[in-house]
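Structure, as structure tokens:
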Amino acid sequence: MDMIVRFSGTLWEYPGDAPWYFITLPIEDSDDILDAIPERRGFGSVRVSVAIGASRWQTSVFPDKALGSFVLPVKREIREREGLSPGDAADVELRIGLE
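In my numbering, the protein residues as written are 4 to 102.
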């Protein structure tokens, strides 16, 4: 059985030499993921299938202690395909395998 999480979040840029782009999950959804998956992979990550618009891909969400939530990395290919820039909102669907 899969856990499905749907939310709207804002794309933001983590600055650096090679910046990363993320969408922060709502804290309530992050808490639900933590409850459902107490044993996580490296860095506390959780494998997910993601849908934003017409784009579908596999990645992981990562805990961010400063934010108290998980963050979803959004690669360039997806940002370009979906026309997303920092500050833009996106409707996100995460599918997490609970097997």
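Glycine residues also receive a C-beta, built at the ideal position from the N, C-alpha and C atoms.
For the 8 angstroms CB-CB criterion, Ile26 and Leu37 do not form a contact. Restricting attention to beta strand (DSSP E) runs no shorter than 3 residues, the segment 44 to 87 encloses them at 49 to 55, 58 to 67 and 72 to 76, ordered along the chain. Looking at Asp94, Pro18 and Met4, the one whose alpha-carbon comes closest to that of Ala57 is Asp94. At a Cβ-Cβ threshold of 8 angstroms, Leu87 and Val64 do not count as neighbours. Within the same chain, Trp23 and Phe25 come within 7 angstroms of Tyr17 by CB-CB distance, once the 5 residues on both sides are set aside.
Between Phe10 and Asp34 a beta carbon distance of about 13 angstroms is seen, past the 8 angstroms cut, so the two are scored as non-contacting. With contacts defined as CB atoms closer than 8 angstroms, Ile55 and Ile81 qualify as a contacting pair.
A distance of 8 angstroms or more separates the beta carbons of Val53 and Arg44.
In this model, Val77 and Pro89 are separated by some 11 angstroms (Cα to Cα).
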